[in-house]
Structures are given as C-alpha cells and as structure tokens.
Amino acid sequence: MDGVTGAVGNGTGAGGAASAGTGTGRAASAGTGTGGAASAGTGTRAGAAGPRGGGLSRRRLGARLLALGGVLVLHAALPGPAGAAAGGPAERRALQGLRLRYGSARRAGLLDAHLEGVVEEARRFLGPSPEHPYYAGAVVLAGRGRTVALHRAVGHAVRYAEYDGRTDRVREFPESERIAMAEDTVFDLASLTKLFTSILAVQQIERGRLELEAPVFRYLPEFTGGGKEAITVRQLLTHTSGLRSWAPFYQQPSREGQLRLLWSVRPQDTPGTVYRYSDLNLISLQLLLERITGRTLDVLLHDEITAPLGMHRTRYNPPLSWRRVTAATEVQRPPWSGLDRGLVWGEVHDENAYALGGVAGHAGVFGTAWDLAVLARTLLDGGVYAGRRILRPASVELLFTDYNTAFPGDDHGLGFELYQHWYMGAMATPHSAGHTGFTGTSIVLDPSTDTFLILLGNSVHPVRTWRAGSAPRVAVGNRFARAVPVRTRHGGPAWFSGITPGGSGTLTLPPLTPATDTARLRCAVWWDTVPGEGAFHLEASADGETWEPLPFSTLRSTGGTPEQWPSGSASGWSGRIWHRLEAPLTAWAGRAVRLRFRHTATGRYVGRGVYVDVVRVAEPTRLLFAEDRPRDAALIEAVGWTRSAD
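The sequence shown begins at 51 in this note's numbering and counts up by one.
Rendered as structure tokens:
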C-alpha cells in the first residue's frame, strides 16, 4: 500500500454490533406544548450513506421484518436467550453484576479536554441564547463503557417565581430562596417517558402477550371508527398510525370524557402512509398495556423497569418530599398554556399528563441523569444491568431497528428515534438511538462507540417561549463526539477537517508531474458527514485555479470489496474505521497536476468530520510525494484543516 498500511486502523477502541440506517433532520425539539400541534416538526434530507459491505443492516432488517411479518423473523435472526448467555464481552460483564462507576476520561477511553468542553457548551446556554437563557440550569452526564467520565450540574434548578407574558418579564426568587442545580436533581423527563412505555410494550411482545403487527383494537375493542381498525401496535410505536399529533384531554372534566375524546379521534391519514409524531400513539399504547396486564402504567414502570434496575429516583408522581430536589418547570398561564397553574414544580408539566392524573404513556415520568445512564447501559448491554435482565438482546434490537424505511429521514425503532443530527449532533450515526423531551431533556446512545450522553435542562423555566430548537443538545453532542478519539495506527496526528457547521476547507499538495499513466495517489481516510449536507471531495487541477473531480476507490481496513466513487466525493458515515483511498492519475501522465482534498459542511448540523493521513503519490519506480518526508509535508497548503491527534 506504499506506506498507507501503517496508518489504517480502527477508529474506536470500543464498539457494538454493526448496523446501518439513514438519518434525519428535525427542526424543533420533540415533545408537546399545548393548545394544538406537537412541537416536533419534520424535515427530510438526502438518503444517508450507511456502512457498506456484507451483513444485515438495521435499515434492511426493518424492511425485511415488515415484508415477512415482523417480530418472529427478528427473533429467529437475532440471538435469543441462549445467545444472551454466551453473548459479547459487554453483556457477559453485565450479567456478572458489574455496574456503572465514576472514572477518569482516560479510563473511559475519552479525551479529557473535549470532555470538559462538553461542560463549557452546557454552561454557555445559561446566558442569552440569543436573547433569553435557554434554560435556568442543566445536568450533563456522559460516559463510555461502564465509566461515567462526566457528571456536572450548572445553573439553577429553581430560579423564577412568576412570569408576565404581556411584558415578557419575570420575578425571580430572592437569591437565598433559589436552588442551585445538583448532579442528583430530579427532572420532569417529558417525552422521554415514551421510551419507558415502549420498553414496557416490547417486554409484552417478548412474553407473547402482544403482537407487533396486530391491530390495536384486538386489545382495545373501543379503538375503532374512521379507519382506526387498521392501526397496528407497531404504528403506534413508530408514529405511523395516521393519528393527529395532539388532543386537549385537559379540557375534559372526567376520565370518562377523556376516554371518549380518544375513542372519537379519527386518523388524519391512512395508517402506515405518513410519519407524524403524536402523543396520542403512546396514550393509546398506555391503555393497551394496562388492559392486557391488569396493572396501571406507574406500577408497570416500577415493577418491570425501575425496581429491577435500581432506578430509585425514577417514577411517576414524585412525592412532596422530592420537591426541593426537583427542577422547576414553567409558570403556566393562558394563553401560552392550556391551564392556569402558576409555577409548576414537583408536578408534571405536560397539561394532558397532568389531567390524566400524572400517569400517561407520553409524559409524566420524573428521573435523574444517573438513572437514565443506568437505562442507557442496560440497553447497550443487551437488556441487562448488574445481573438483572429486563429485555432479551433480540428485544433490544426491536427498539433500535428502523421500521420507518418508507419515510427516509424519520428513522424510528420501537419508541426510539434513530440517527437524528437535529439533536444528536455529531454523535448521530446509523447506530445511534435516543429521544428528547419538551422540558429540555435528551438521551443519546451510540453502540458503535459504546457511549451515552444525557442532557437534562429545565428549558421551559420560566416559560416555553424563551427557547427554540435544540442548540444545547447539538452543541454538547458535537463536543462529546470529539471526546471519542480517532486514532491512527501509527499513533501520530492526521489531517482533520474540523466540525464547524457551514465550514469548509482544502488540503492541497504541491505541483507534481507523473511520468507515466501508472501514477497513483494513496492515503488513509476516515469520514463522517451529514448525508446531503456535507462531503469530502478529491480534486485535480492543472493551474491551481480550475478544479475537476478525481474519481477514487476506498477499501475498508477490515477488508472487503473496494467501493468506487466516480464523482470524486463521498459523504455519510464510513463505519468509524479507516479506509484505504486510491486514485489513478492516468489522465495526468506527462503533465503537471495539483491535487487537493476539500471538505464541505453546508447545513446546520455536522458529523464527526474527515481525517486524511499518510498521503503518497507514487509510480512503480519512484515516489513523487510522501507526507512523511518533512520536505514534502512542508509544501502542503492547509486551509481550514489542522493536524490533530484525536
């Protein structure tokens, strides 16, 4: 490989099972507001370039499941209980009873400087963002493997006593009465509740009491009318039921009236034909679960998830004694809220969940960052934590398999959102899964790096209109992604494009003149960009002014078949491994040529970036350029690229 071999290595040092999918960009934070549509909007982008080569990707697996009938195929294709006992090292350690523990960045295989940068990013949004603070305070927790390397609190859990919507002014508590944010502060998790409801549903699927492709009315006979008979359990879990986003349950004075409202809702679209994020899906699923188990959702949560995993600070309807350690949420007044409750503190923020008694399938769970880390570790380890199993590995795959192959950009497992740059930032990969909550919460898991990131903020304190979008989530996701090192095999630095949104740069070699048509450019390359919004390009020029694409091929360091890039550019996710790049210079025999790498990031979000290493241009009998020769390296012109050892 003319010296490239020494540079090509695995970029992670930790990893999970390979899977693939495509991504999405959603415009606003997920969850519900009030008075109408949910706050999650959707957007689409070009199809992602996932890992290539052999194997069954999660996207292809989802399509195959739908074609062949769903869950039974998955359980046949993936390890069952026998496989779990003899699973991977991570799962075996979990079955032995190992738990999360605090440790250094080095112990976690992370870079300390970038890890501290995660805290800096979280703290930045305590200030104008752009006018008001994004949140009063936040807790950020990040880890890899079983090591929690970062757990930090910033700002206040309780700061504002009142808000005047006419003047956009607040009354703050006196300094002596404010409560600082702490690492163990309890948060209203809002739509992260949907993940717990989904896990409870998958447990029932695993036990044979619920069928993924069965119509909902089989379990809830009242769930009929207007085409609801065609809605399946899977469509509730993947937001493809066709139901509208929201309904005002809080306007109904009785439980009977709330149920009548739900039974009266008709699909806005034919089930299975659209993706629409909807709280009604998970409220319906709650009623289904309560019907088939004979237990209320809060009891199911405790018995089936939080008690077995030791998540003692996660529950519905926290007791009054928790109030002083709970982050306050919104000052709820009409017209921005459907209810006039004043400062909401220690009770669920979501108006519908409040009207439903605090226990709802879409919102209502309170919890801490540490408890969410336990849940993340459980799922990353195939459904087991500290020797206690809540799901089989194949059932966890149900959560992380993309069933929305018909809706590119809206990748969704059962409950979990997949590959979402709009809040995961550079942590988004075809493996990554997570969710957001309207109160300012989020969780991201990435099996490809065995990492997890939790950001809990009280971003509706004092009012929901002070914030928009998911800027803090993206910022901490980008910085944490940098904390996971990309290592060259030789251990030295490589050229790095950076991950600045909207950024671009070039890495240009000096003029070279191949003597024959056998000349080749070879190097090692590693890339992760947002498909359709970022790419790296290889280009050639006779004069250094006019550039043309230079076709190339890449070969994974793990082997396989070379992939051709006739357009001279590549984008998407390269599998978090180094590739050997080779570009023939056949057309440049006897002519001077300049070669350059160009990186572009045109959208609001970025991936982990592009790395180039050990660049060489050679003919069979002579070496025209070698980056590892100091005199050649000094002639490289870098604009926007830097030498990086991470």
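Backbone N, C-alpha and C define an ideal beta-carbon position, used for all residues, glycine too.
Just so we're clear, the structure is a prediction, and the values are computed from it rather than from any experiment.
Burial check for His511: the Cβ neighbour count within 10 Å reaches 16 or more, so the residue is buried. Of the residues assessed, Gly177 falls on the exposed side of the cut-off, its CB having fewer than 16 other CB atoms within 10 angstroms.
Here Asp431 is buried. Its C-beta has 16 or more other C-beta atoms within 10 Å.
Secondary structure within the segment 295-380: the alpha helix (DSSP H) runs of 4 or more consecutive residues, fully enclosed, are 305-314, 329-343 and 347-351 (chain order). For the segment 400-449, the full-length beta strand (DSSP E) segments reaching 3 residues or more read 415-417 along the chain.
The C-alpha of Asp461 lies about 44 Å from the C-alpha of Pro560.
By the criterion of a C-beta distance shorter than 6 Å, Thr356 is surrounded in its chain by Thr364, once the five residues flanking it on both sides are discounted. The DSSP-derived three-state label of Thr486 is strand.
For the pair of segments examined, the segment 269-280 was found to touch the segment 309-326: the number of CB pairs separated by less than 8 Å reaches three. Taking C-alpha positions only, Gly507 is separated from His206 by approximately 10 Å.
DSSP places His629 in the uninterrupted beta strand (DSSP E) bounded by His629 to Pro634. By the neighbour-count criterion, in which a residue is buried when 16 or more other Cβ atoms sit within 10 angstroms of its Cβ, Glu598 is exposed. As a beta-bridge residue in DSSP terms, Ala590 pairs with Glu598 and Leu645.
Non-local beta-carbon contacts of Arg529 in its own chain, meaning distances under 7 Å to residues more than five positions away in sequence, involve His164, Gly167, Val168 and Glu171 in chain order.
Counting every other CB atom within 10 Å of its CB across the protein chains shown gives Thr290 a total of 16 or more, marking it as buried.
Excluding its 5 nearest sequence neighbours in each direction, Glu613 has C-beta neighbours in its own chain below 8 Å: Arg102, Ser603, Thr604 and Leu605, listed in chain order. Relative to the Cα of His540, the nearest Cα in the group Val664, Leu200 and Arg630 belongs to Val664. By the C-beta density criterion, Arg326 is buried, having at least 16 other C-beta atoms within 10 angstroms.
Counting only the Cα atoms, Thr489 lies some 11 Å from Leu505.
A distance below 8 Å between beta-carbons, with the five flanking residues on each side excluded, links Met361 to the following residues of its chain, in chain order: Ile355, Gly417, Asp421, Val424 and Leu425. Look at Phe675 here: in three-state DSSP terms it is strand. Taken atom to atom, the span from the alpha-carbon of Ser334 to that of Leu359 is near 26 Å. Taking the CA atoms as reference points, Val204 sits about 47 Å from Gly610. Restricting attention to Phe675, Glu589 and Glu632, the CA atom closest to the CA of Arg646 is found in Glu589.
Taken through DSSP and simplified to helix, strand or coil, Ile249 comes out as helix. Distance from the Cα of Gly408 is smallest, within the candidate group Asp348, Tyr453, Gly159 and Gly459, for Asp348. Between Gln336 and Thr247, the C-beta gap is smaller than 9 Å, which places the two residues in contact. In the DSSP assignment, the residues bridged to Glu467 are His462 and Gly484. Cβ-Cβ separation between Trp623 and Ala574: approximately 17 Å, too far for a contact (criterion under 8 Å).
In this chain, Glu613 is not harboured by any alpha helix (DSSP H); it is covered by the beta strand (DSSP E) spanning Glu613 to Trp615.
By alpha-carbon distance to Phe299, the top candidate from Thr288, Ala155 and Leu312 is Leu312. The shortest CA-to-CA distance from Pro271 to any of Phe675, Leu338, Trp615 and Thr671 is the one to Leu338.
Ala155 is not a Cβ neighbour of Leu148, given a cutoff of 9 Å. Annotated as distal: Glu669 and Arg572, with beta-carbon spacing of 9 Å or more. In the three-state scheme derived from DSSP, where H, G and I count as helix and E and B as strand, Phe267 is classed as helix. Of all C-beta pairs linking the segment 433-448 to the segment 370-379, fewer than three are shorter than 8 Å, placing the two stretches out of contact.
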